[in-house]
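Engineer:
Number of protein chains: 2
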Amino acid sequence: MKILITGGAGFVGARLARELLKSGELAGKTIRQLVLADLSLPLSELLADPRVRAATGTLIAQCAALSAERFDIVFHLAAAVSAECEADFDLGLRSNLDTTRALLDALRAAGNLPRFVFSSSLAVFGSDPALPLPPVIRDDTLPTPQSSYGVQKFICEQLVADYTRKGFIDGRNVRLMTVVVRPGRPNGAASGFMSGIIREPVNGQPSVCPVAPETKVALASPARTIEGLIAIAEATREVLGGHTAINLPALTVSVGEMLQALEAAAGADVRALVSFKHDPAIARLVGGWPAAFDNSRAKCLGLEPDPDFISIVRQYLDDRARESASRS
Amino acid sequence: MKILITGGAGFVGARLARELLKSGELAGKTIRQLVLADLSLPLSELLADPRVRAATGTLIAQCAALSAERFDIVFHLAAAVSAECEADFDLGLRSNLDTTRALLDALRAAGNLPRFVFSSSLAVFGSDPALPLPPVIRDDTLPTPQSSYGVQKFICEQLVADYTRKGFIDGRNVRLMTVVVRPGRPNGAASGFMSGIIREPVNGQPSVCPVAPETKVALASPARTIEGLIAIAEATREVLGGHTAINLPALTVSVGEMLQALEAAAGADVRALVSFKHDPAIARLVGGWPAAFDNSRAKCLGLEPDPDFISIVRQYLDDRARESASRS
Numbered sequence: 194m195k196i197l198i199t200g201g202a203g204f205v206g207a208r209l210a211r212e213l214l215k216s217g218e219l220a221g222k223t224i225r226q227l228v229l230a231d232l233s234l235p236l237s238e239l240l241a242d243p244r245v246r247a248a249t250g251t252l253i254a255q256c257a258a259l260s261a262e263r264f265d266i267v268f269h270l271a272a273a274v275s276a277e278c279e280a281d282f283d284l285g286l287r288s289n290l291d292t293t294r295a296l297l298d299a300l301r302a303a304g305n306l307p308r309f310v311f312s313s314s315l316a317v318f319g320s321d322p323a324l325p326l327p328p329v330i331r332d333d334t335l336p337t338p339q340s341s342y343g344v345q346k347f348i349c350e351q352l353v354a355d356y357t358r359k360g361f362i363d364g365r366n367v368r369l370m371t372v373v374v375r376p377g378r379p380n381g382a383a384s385g386f387m388s389g390i391i392r393e394p395v396n397g398q399p400s401v402c403p404v405a406p407e408t409k410v411a412l413a414s415p416a417r418t419i420e421g422l423i424a425i426a427e428a429t430r431e432v433l434g435g436h437t438a439i440n441l442p443a444l445t446v447s448v449g450e451m452l453q454a455l456e457a458a459a460g461a462d463v464r465a466l467v468s469f470k471h472d473p474a475i476a477r478l479v480g481g482w483p484a485a486f487d488n489s490r491a492k493c494l495g496l497e498p499d500p501d502f503i504s505i506v507r508q509y510l511d512d513r514a515r516e517s518a519s520r521s
Numbered sequence: 194m195k196i197l198i199t200g201g202a203g204f205v206g207a208r209l210a211r212e213l214l215k216s217g218e219l220a221g222k223t224i225r226q227l228v229l230a231d232l233s234l235p236l237s238e239l240l241a242d243p244r245v246r247a248a249t250g251t252l253i254a255q256c257a258a259l260s261a262e263r264f265d266i267v268f269h270l271a272a273a274v275s276a277e278c279e280a281d282f283d284l285g286l287r288s289n290l291d292t293t294r295a296l297l298d299a300l301r302a303a304g305n306l307p308r309f310v311f312s313s314s315l316a317v318f319g320s321d322p323a324l325p326l327p328p329v330i331r332d333d334t335l336p337t338p339q340s341s342y343g344v345q346k347f348i349c350e351q352l353v354a355d356y357t358r359k360g361f362i363d364g365r366n367v368r369l370m371t372v373v374v375r376p377g378r379p380n381g382a383a384s385g386f387m388s389g390i391i392r393e394p395v396n397g398q399p400s401v402c403p404v405a406p407e408t409k410v411a412l413a414s415p416a417r418t419i420e421g422l423i424a425i426a427e428a429t430r431e432v433l434g435g436h437t438a439i440n441l442p443a444l445t446v447s448v449g450e451m452l453q454a455l456e457a458a459a460g461a462d463v464r465a466l467v468s469f470k471h472d473p474a475i476a477r478l479v480g481g482w483p484a485a486f487d488n489s490r491a492k493c494l495g496l497e498p499d500p501d502f503i504s505i506v507r508q509y510l511d512d513r514a515r516e517s518a519s520r521s
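For the record, the sequence lines run as chains V and C.
For the first sequence, this note's numbering assigns the number 521 to the last residue and increments by one with no breaks.
For the second sequence, this note's numbering assigns the number 521 to the last residue and increments by one with no breaks.
Right, dumping it as structure tokens:
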């Protein structure tokens with residue numbers, strides 16, 4: 194089988210690619226080719242695999258060429274991130290809405306009804322003054338996004354559902370929780386600090402938290418997130434039921450509890466590198482996102498949240514140690 | 194003030210135009226100019242009013258010119274209808290999604306933050322197999338549209354909400370119920386028969402009903418629909434609350450009850466002109482639309498459903514008699 198990952202040079206895309214190459218198969222079929230589309234080249238370790246092909250450039254410009262190929266499964270992860278979309282409205286519409294529509298049309302033109310996993314986000318939820326969110330979010334909770342990124346993700350869910358209903362693709366909408374701990378540098382997402390307040394101190398750097406310690410957030414580790422994407426791709430249509438997005442399982446935790454876990458895993462000196470400085474723009478976006486989910490549909494796919502935050506911190510420390518070992 | 198009605202040559206658009214010209218003002222301000230945009234010219238009775246200007250052609254082609262004008266209030270009613278969009282997927286995306294986005298961008302470019310009343314539809318609701326609709330629909334019920342028309346309307350609601358949140362327009366999303374009785378010829382909407390089974394028999398013609406008599410539907414008379422559009426346009430932002438769409442009040446009635454009312458208002462001979470012939474495509478679309486609404490937000494604007502279906506039939510008979518008198 195032939196797989197396409199858009200955003201294949203990104204953190205989630207690269208990690209998904211690594212998992213797929215390691216397992217060698219998906220939905221019971223051998224992976225013969227894995228195309229990683231992104232603005233930049235994927236990691237060299239991935240490129241070194243003979244099954245991997247890179248497709249670099251803006252995704253919208255690649256869609257004509259993609260329509261001439263036939264993919265069995267597509268993971269559409271590429272997107273402009275939340276703070277970028279809030280700062281540049283037109284960029285967000287182009288990168289998220291127009292690009293997704295062009296990709297859907299390319300797959301429709303290819304005509305082989307590929308499975309299409311669309312990575313949506315908990316950012317579709319926001320608190321509309323007239324209709325505040327319930328304390329626990331379910332898959333049938335009405336999203337009232339309060340960011341352009343959330344609006345664009347929610348619109349794309351609708352397109353994926355309709356292209357699926359029309360028989361152009363076999364689409365699956367899946368909402369990712371905030372993925373922590375991301376390695377590397379901050380990426381312009383409003384949620385970026387949730388990785389930063391762990392990653393920077395662990396690396397001996399100070400980090401500023403822009404929201405209050407009692408702010409509750411809905412998180413998932415990279416491993417659980419990849420597990421969710423793969424489970425959704427492998428699920429039969431019968432198990433998925435309808436076309437409405439599935440919220441992936443979330444660990445609900447406060448920022449203060451995250452820092453306690455950091456201290457428990459890495460020590461008080463490391464914890465002391467985090468200070469608080471309120472950022473109203475970030476606090477508004479993040480504070481509007483829900484923190485607690487009822488994930489009945491995800492549970493039917495065998496998916497569970499991370500057990501606690503300290504295991505997420507340890508996952509990051511292990512990843513970091515492994516990477517450091519492979520470099521030396 | 195200067196008003197734009199897209200779809201101004203259509204039934205709802207023309208009726209809204211007539212009401213606005215008669216009252217001479219909207220939201221407490223005198224109407225100086227009323228632009229009616231549509232594929233064809235508006236009714237000659239409207240064109241004869243010196244305040245009216247016609248703008249004919251496809252709306253998307255007119256958007257560049259519209260961006261150079263400044264409207265105080267825009268009623269965006271123009272759309273390809275449900276059965277059209279189901280038959281021609283690309284036409285629906287172009288006529289409904291692309292055109293609405295071009296219009297929003299034109300108003301954003303004009304830069305004067307006009308009130309923008311977007312006529313969405315109860316067709317955003319449909320029954321997803323995994324998440325069946327609740328028996329009574331509220332404004333915070335998650336739409337899971339099962340038609341391309343419904344998807345496109347719901348996507349445009351999201352755009353209107355975000356352009357409003359960003360301060361580009363002052364948007365108001367309002368979901369119209371099925372408007373009956375429409376005069377003239379069937380218009381390609383899946384709901385068309387709900388007018389046809391009254392209009393055709395009253396005019397001495399046979400009519401075929403494509404759904405079972407026990408099918409329940411959510412209706413509003415033309416007068417109540419226009420009243421709703423005007424109330425939404427006149428409401429302050431404080432009264433509207435958030436940006437989530439407001440469902441207009443609905444009269445819930447079965448098709449069998451509609452025919453009883455027809456018989457009571459026009460006689461058994463007229464009723465006998467209606468026969469039943471099941472049409473699975475129409476029955477699937479219409480059967481998926483909800484029939485009962487909790488309209489708390491609309492009630493806060495002073496809006497109520499029609500009291501019963503016989504008053505809707507009588508409204509049509511009165512309109513018809515008035516038109517016939519004005520022609521003779």
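Note that beta-carbon positions come from the ideal geometry of N, C-alpha and C, so glycine has one too.
Bear in mind that the values here come from a model prediction, so they are computed numbers and not experimental data.
Would DSSP call F361 (chain C) helix, strand or coil?
Structural biologist: coil
Engineer: I'd like to know if F486 (chain C) contacts chain V, where contact means its C-beta is closer than 8 Å to some C-beta of that chain.
Structural biologist: So no, F486 (chain C) is outside the interface.
Engineer: State the start and end residues of the unbroken beta strand (DSSP E) segment that holds L229 (chain V).
Structural biologist: Q226 to D231
Engineer: Give the straight-line distance between the Cα atoms of L240 (chain C) and P442 (chain V), rounded to the nearest whole angstrom.
Structural biologist: 59 Å
Engineer: Report the three-state DSSP secondary structure of F264 (chain C) (helix, strand or coil).
Structural biologist: F264 (chain C): coil per DSSP, three-state reduction.
Engineer: For the region 285 to 302 of chain C against the region 349 to 356 of chain C, are there 3 or more C-beta pairs whose distance is under 8 Å?
Structural biologist: yes
Engineer: Of all the CB atoms in chain C, is at least one closer than 8 Å to the CB of L335 (chain V)?
Structural biologist: yes
Engineer: So for D462 (chain C), helix, strand or coil by DSSP?
Structural biologist: helix
Engineer: When you compare only the Cα positions, how much space is there between L496 (chain V) and R368 (chain V)?
Structural biologist: So the alpha carbons of these two residues sit roughly 13 Å apart.
Engineer: When DSSP labels each residue in this structure, what does E218 (chain C) get in the three-state scheme?
Structural biologist: strand
Engineer: What residues match up with T418 (chain V) in a beta bridge as DSSP calls it?
Structural biologist: According to DSSP, which records beta bridges pairwise, T418 (chain V) is partnered with nothing at all.
Engineer: When the Cα of V374 (chain C) is compared with those of C:L510, C:S519, C:T199 and C:L229, which residue comes out closest?
Structural biologist: C:L510
Engineer: Is it buried or exposed for F486 (chain C), if we count other Cβ within 10 angstroms and need 16 for buried?
Structural biologist: buried
Engineer: Using CA atoms only, rank isn't needed, just tell me which of V:N440, V:I475, V:L452 and V:P473 is closest to L494 (chain V).
Structural biologist: V:N440
Engineer: Taking the C-alpha atoms as reference points, what is the distance between V205 (chain V) and G385 (chain V)?
Structural biologist: Take the alpha-carbon of V205 (chain V) and the one of G385 (chain V): they are about 14 Å apart.
Engineer: To be precise: take each residue of the region 347 to 360 of chain V, compare its Cβ to all Cβ atoms of chain C, and keep it if any distance is under 8 Å. Which residues remain?
Structural biologist: F347, I348, Q351, L352, A354, D355, R358 and K359
Engineer: Assuming contact is defined by CB atoms lying nearer than 8 Å, are A178 (chain V) and I266 (chain V) in contact in what I supplied?
Structural biologist: Look at the range of chain V in this structure, 194 to 521, and you will see that residue 178 (chain V) is not part of it.
Engineer: Helix, strand or coil for T437 (chain V), going by three-state DSSP, please let me know.
Structural biologist: coil
Engineer: Please specify which runs of the alpha helix (DSSP H), each continuous and at least 4 residues long, are wholly inside the region 268 to 335 of chain V, giving them in chain order.
Structural biologist: 275 to 280, 282 to 285 and 292 to 303
Engineer: Restricting to Cα atoms, I'd like to know which of V:S341, V:D333 and V:L452 is closest to G285 (chain V).
Structural biologist: V:S341
Engineer: Here's the rule I'm using: 16 or more other beta-carbon atoms within 10 Å means buried, otherwise exposed. How should A405 (chain C) be labelled?
Structural biologist: Counting Cβ neighbours within 10 Å, A405 (chain C) comes out exposed, since fewer than 16 surround it.
Engineer: Under 8 Å between C-beta atoms, does S260 (chain C) make it to chain V?
Structural biologist: no
Engineer: Which residue wins for smallest C-alpha separation from I503 (chain C), given the options C:F469, C:L444, C:I419 and C:F268?
Structural biologist: C:L444
Engineer: Can you give the Cα-Cα distance for V372 (chain V) and Y356 (chain V), rounded to whole angstroms?
Structural biologist: 28 Å
Engineer: Reducing DSSP to helix, strand and coil, say where L240 (chain C) ends up.
Structural biologist: In this structure, L240 (chain C) counts as helix in the three-state DSSP scheme.
Engineer: Find the residues of chain V that neighbour S341 (chain C), judging by a C-beta separation of less than 9 Å, and give them in chain order.
Structural biologist: D355, R358 and K359
Engineer: Between the region 461 to 478 of chain V and chain C, which residues of the former have CB atoms less than 7 Å from a CB of the latter, in chain order?
Structural biologist: none
Engineer: In whole angstroms, what is the alpha-carbon distance linking R358 (chain V) and I362 (chain C)?
Structural biologist: 33 Å
Engineer: Taking C-alpha atoms, which residue in V:D333, V:D283 and V:L306 lies nearest to K195 (chain V)?
Structural biologist: V:L306
Engineer: Could you name the residues of chain V that A428 (chain C) contacts, counting a contact when the two beta carbons are closer than 9 Å?
Structural biologist: None at all; the shortest Cβ gap to chain V is about 12 Å.
Engineer: Expressed to the nearest angstrom, what Euclidean distance is found between the alpha-carbon atoms of A424 (chain V) and K346 (chain V)?
Structural biologist: 20 Å
Engineer: In three-state terms, what does DSSP make of K409 (chain V)?
Structural biologist: Shown here, K409 (chain V) sits in a strand according to DSSP, grouped into three states.
Engineer: What is the rounded straight-line gap between the Cα of S455 (chain C) and the Cα of A461 (chain C)?
Structural biologist: The question names Ser, but residue 455 (chain C) in the sequence shown is Leu. C-alpha separation (whole angstroms): 8 Å.
Engineer: Please report the straight-line C-alpha distance between A323 (chain C) and I330 (chain C), rounded to a whole angstrom.
Structural biologist: Here the alpha carbon of A323 (chain C) sits roughly 17 Å from the alpha carbon of I330 (chain C).
Engineer: Of all Cβ atoms in chain C, is any one closer than 8 Å to the Cβ of V344 (chain V)?
Structural biologist: yes
Engineer: For R208 (chain C), which residues of its own chain have a beta-carbon under 7 Å away from its beta-carbon, when the five flanking residues on both sides are left out?
Structural biologist: P415 and I419
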